[in-house]
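Chains as they are written, first to last, in the working numbering: chain G, 1 to 809; chain X, 1001 to 1125.
Below is one structure; the comments refer to it alone.
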């Protein structure tokens, strides 16, 4: 009996110990999590409560000082670059390890390892797009072609790895504890993968949707609804710019034969409409101080931990400060004593699709130039948490990987679409940022940009010597007019990319007469640019609002630039609403109906601003959403995926052709015009407004758009912030919509000593338990900034704590 | 009673001092050994092991909450579907009690077996 009692007690004890250390489905291991010495309780401490005076770091050649200011922004003072980037890796990992690893897991198509088969489709897509393969080639390219940069990237990785090696259970970021896994070793590959991840986030294409549209609409109507240049083109490089180069020649092939296919595949997720960025620089001639001022606010997904991590990096030769991307070396958007720079996405169709014909079912040979060419295979083993591995075979052609085939998103149809993308090219984007960090003048800036391939960016520039500049930089294929707009025949050599536009021919400007340079993801050039430039997602409103303001502003101060970043004027509404109201008011009986007059009156007196407490912005947004849905309902109802005309073209159509047969709904016998759609959408809007009032209590803009800064694991809702009260919206300079917006705002005035301010929606810490996790958020929502002035090592004001990183003796 | 208090005190000190350095399964083994060495009966070992483990975990959780002034307990409570973050203190204490109590009981029962065996051996001689 005694033995049975002991055996039972032992079994229960062991079972409890084991069971409480295991994860069951979505329930984390409770024993590990609640253990107050190693579990989540240990993540309740903020960084200043855990500060260390000295840390020994292997591989350092000399001591490095890290001084944290009151906002936990580290200022790293090293004696040489290798020590600097080793320390950057260590310090970044200390505050953002989980995030940097999670992002590279996403970029590598390995999320299923962490969250299970819910991410399998996404992982397959990531791998089929060829990002991990491209990063592997990127490492080889760097090792062979730029050993100096490779050495620095490895030093950064060693810094990260030292932090991982000394990481105790108590200090493990909380996400690892909840999801029950541990960090793995960092490598140069992961840093490069992170830059590929940025390309994936920022680059889209609609080639397959356009292919479907061409069949539905025909070429003529397609041209009308999707013109190459908008009527009011306000490009990045000032219109009328004289191009000082002899362009490469390329002509349209004599006969273009596109594959005639109805494409029913579920195409990949595209960058969110309205996502983009602003940057500009004003010359000293327009500023109060006589110094140039530069501003940058990249609009991306609003996430926690924040995408950006602020830092100052200093050696005896340079001192640079701004926003870093955890996982990448150096400052990405920032300034040093001599120059400042910032980036916006240079949207351009750099992703093309080819329909591939294979000889046999085994897909070992494919047709190119009427000859059978050998294909290659890449076996992708995807680990899935709690399940057997999934094996995906990806066929590679010389165009690129086959993304869609009978095994993936084609509903078993025998199609094979290969993807060609500049992100697959070997490249060295890291070098660009390392050189910019040390740059002293315009020549250094141009030299740095020559290494940059993808994702193409509009690099704005200003220098303490008074120069302002902007260059659209990326590796752009030299295309004949129309090339790459639709799915192309992989057999036809005429459809191939042959050459690339030389860097010197990329659109750029230096000290233009108008006294400012700017970009907001719009069309980069006017029609005089000698190369074919196409994309589906060019911006049409933020750019014109920005340039309108910059052209009239004089005696500009830093505060004016901050106000411009926070500008809530809705240009789209100001251009569309008068026409919408006029057309709907033509029906006098309708206008007199109960409740309608009040709404119309409210809209008629709106100042077109989108401040948090304004109701008109909500009313207009809903009305426009239903109007757009109503006008394009025939296209929306198609079984194939298509792209809709953008809101600028829809407004043009409303204004200039309200009776056009484009407004007619084909499935009805009546002839509909714009007025019909305005009426029905107005009714839908009224219903929705009443529903929303009942549900949420008011229809104020901030309540309606519900700006949410979401944790990278969306299920971790308590680590997110929903309902942030702030203005703006998609297509507005303050482009803060529900889930996207200014992920980083920076304003820098160059001069003898640069004055700089920055902010982002989050905080320096990646730990949800830290007081520095989200301490910037309210300031960001209010349009306030943190002082980003360069600090000297001996400055001792507003220091939170300092840590000395010592070489191991 | 003496053995109960002895196990309670020694286990508490053991968890308090070595808890930061070792994971909880190792602390469970420690409580089993302490219980075995002190040799209380099943009930007192069960309760002493449970209270020492549970109370230390409970007070450590309370101490961290108060000293860090962090919002993390509230966030974690929400994530775990608990209405009140104070329930996390209790949950931590209860889990600690369960781990400690069965460890204490196991140590006591182990001693019971080995002691009887030894006694039987002596009798045979």
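Every residue, glycine too, gets a C-beta built ideally from N, C-alpha and C.
Quiz item: In terms of alpha-carbon separation, which member of G:139, G:97, G:142, G:188 lies closest to residue 163 of chain G?
Solution: If we check each option's Cα against that of residue 163 of chain G, G:97 comes out closest.
Self-check item: CB contact below 8 Å: residue 692 of chain G versus chain X
Solution: Answer no: the Cβ-Cβ gap between residue 692 of chain G and chain X never drops below 8 Å.
Quiz item: Who are the near neighbours of residue 807 of chain G in its chain, counting only those whose CB is closer than 6 Å to its CB and skipping five residues on each side?
Solution: Same-chain partners within the cutoff: 60.
Practice problem: Return the Cβ separation of residue 674 of chain G and residue 654 of chain G in integer angstroms, given the expectation that the two are a contact with Cβ distance under 8 Å. | Solution: Rounded to the nearest angstrom, the Cβ distance from residue 674 of chain G to residue 654 of chain G is 5 Å, consistent with a contact under 8 Å.
Practice problem: For residue 241 of chain G, name the three-state secondary structure that DSSP assigns. | Solution: Residue 241 of chain G falls in the coil class under three-state DSSP.
Exercise. Could you tell me how far apart the beta carbons of residue 323 of chain G and residue 308 of chain G are, in whole angstroms, since I believe they sit closer than 8 Å?
Key: Contact between residue 323 of chain G and residue 308 of chain G holds, since their C-beta atoms are separated by about 4 Å, short of 8 Å.
Self-check item: Spatially closest choice to residue 160 of chain G from G:578, G:88, G:800, by CA coordinates
Solution: In this structure, G:88 is the residue among G:578, G:88, G:800 with its C-alpha nearest to the C-alpha of residue 160 of chain G.
Practice problem: Flag residue 169 of chain G as yes if its beta-carbon sits less than 8 Å from any beta-carbon of chain X, otherwise no. | Solution: Closer than 8 Å: yes.
Practice problem: Report the option in G:217, G:68, G:569 whose CA atom is closest to the CA atom of residue 632 of chain G. | Solution: Cα-wise, what sits closest to residue 632 of chain G is G:217.
Quiz item: Tell me which same chain residues have a C-beta within less than 7 Å of the C-beta of residue 392 of chain G, skipping the five on either side of it?
Solution: Counting only Cβ-Cβ distances below 7 Å, and skipping sequence neighbours, we find 124, 127, 380, 382.
Quiz item: Curious, which full-length beta strand (DSSP E) runs of at least 3 residues does the region 311-358 of chain G contain?
Solution: Within the region 311-358 of chain G, the runs of beta strand (DSSP E) at least 3 residues long that lie entirely inside it are, in chain order, 318-324, 333-336, 339-345, 351-355.
Quiz item: Along chain G, which residues have their Cβ under 9 Å away from the Cβ of residue 1112 of chain X?
Solution: Ordered by position in chain G, the residues that pass the 9 Å Cβ test against residue 1112 of chain X are 2, 5, 6.
Exercise. Under 8 Å Cβ to Cβ from residue 810 of chain G, same chain only, skipping five residues before and after it: list those, please.
Key: Any answer about residue 810 of chain G is impossible in this case: the structure gives chain G only from 1 up to 809.
Quiz item: If you scan the region 600-646 of chain G from start to end, which runs of the alpha helix (DSSP H) of 4 or more residues do you find wholly inside it?
Solution: Qualifying alpha helix (DSSP H) stretches, in chain order: 616-631, 633-636.
Quiz prompt | Pair within 8 Å by beta-carbon distance, residue 705 of chain G and residue 731 of chain G | solution = With respect to residue 731 of chain G, residue 705 of chain G sits apart: the two C-beta atoms are not nearer than 8 Å.
Quiz item: Shortest alpha-carbon distance to residue 301 of chain G belongs to which of G:108, G:460, G:743?
Solution: It is G:743.
Quiz prompt | Residues within the region 1014-1033 of chain X neighbouring chain G, beta-carbon criterion of under 7 Å | solution = Result list: 1019, 1020, 1023, 1024, 1025, 1028.
Practice problem: Would you mind telling me which residues of chain X sit closer than 8 Å to residue 723 of chain G, beta carbon to beta carbon, in chain order? | Solution: Contact of residue 723 of chain G with chain X by beta-carbon distance below 8 Å is absent, the smallest such distance being about 15 Å.
Quiz item: What separation, rounded to the nearest whole angstrom, lies between the Cα atoms of residue 511 of chain G and residue 226 of chain G?
Solution: The straight-line gap from Cα to Cα measures roughly 33 Å.
Quiz item: So, using beta-carbon positions, are residue 628 of chain G and residue 610 of chain G closer together than 8 Å?
Solution: No, Cβ-Cβ distance for residue 628 of chain G and residue 610 of chain G is not below 8 Å.
Quiz item: Listing by chain order, which chain X residues have their CB less than 7 Å from the CB of residue 35 of chain G?
Solution: For residue 35 of chain G, the C-beta contacts it makes with chain X under 7 Å involve 1024, in order along the chain.
Exercise. Give me whichever residues DSSP pairs with residue 374 of chain G in a beta bridge.
Key: DSSP, once it has assigned bridges, lists G:365 as partnering residue 374 of chain G.
Self-check item: Alpha-carbon to alpha-carbon, residue 431 of chain G and residue 148 of chain G
Solution: Taking C-alpha positions only, residue 148 of chain G is separated from residue 431 of chain G by approximately 10 Å.
Quiz prompt | Pairwise C-alpha distance: residue 305 of chain G and residue 1090 of chain X | solution = Spanning the two alpha carbons is a distance of roughly 29 Å.
Quiz item: In whole angstroms, what is the alpha-carbon distance linking residue 438 of chain G and residue 337 of chain G?
Solution: Here the C-alpha atom of residue 438 of chain G lies approximately 9 Å from the C-alpha atom of residue 337 of chain G.
Quiz item: Using the rule of at least 16 other Cβ atoms within 10 Å of the residue's Cβ for burial, across every protein chain shown, is residue 24 of chain G buried or exposed?
Solution: With fewer than 16 other Cβ atoms within 10 Å, it is exposed.
Quiz item: Taking the alpha-carbon positions, what's the residue 105 of chain G to residue 191 of chain G distance?
Solution: Rounded to whole angstroms, residue 105 of chain G to residue 191 of chain G spans 12 Å at the Cα level.
Quiz prompt | Contained beta strand (DSSP E) runs [length at least 3] in the region 422-496 of chain G, N- to C-terminal order | solution = The region 422-496 of chain G contains, as complete beta strand (DSSP E) runs of 3+ residues, the segments 457-463, 468-473 (chain order).
Quiz prompt | First and last residue of the uninterrupted beta strand (DSSP E) at residue 296 of chain G | solution = Where residue 296 of chain G is concerned, the enclosing beta strand (DSSP E) stretches over 293-301.
Quiz prompt | Test item: CB-CB of residue 1030 of chain X and residue 1046 of chain X under 8 Å | solution = For the 8 Å CB-CB criterion, residue 1030 of chain X and residue 1046 of chain X do not form a contact.
Quiz item: Can you give the Cα-Cα distance for residue 603 of chain G and residue 682 of chain G, rounded to whole angstroms?
Solution: Answer to the nearest angstrom: the Cα atoms are 12 Å apart.
Quiz item: Within the chosen definition, does the region 715-725 of chain G reach the region 633-652 of chain G through at least 3 CB pairs nearer than 8 Å?
Solution: No, because fewer than three Cβ pairs between the region 715-725 of chain G and the region 633-652 of chain G fall closer than 8 Å, the two stretches do not touch.
Quiz item: What in chain G is Cβ-close to residue 987 of chain X, meaning under 8 Å?
Solution: In the structure as shown, chain X starts at 1001 and stops at 1125, and residue 987 of chain X therefore has no counterpart that could be examined.
Exercise. With DSSP collapsed to three states, give me the class of residue 387 of chain G.
Key: Strand.
Quiz item: Among the residues of its own chain, which have a CB less than 7 Å from the CB of residue 181 of chain G, if the five just before and after it don't count?
Solution: These residues qualify, in order along the chain: 114.
Quiz item: Between the C-alpha atoms of residue 1124 of chain X and residue 1060 of chain X, what's the straight-line distance to the nearest angstrom?
Solution: Because the pLDDT of residue 1124 of chain X is 47, which lies under 50, any placement of that residue in the model is unreliable, and the question is left without a value.
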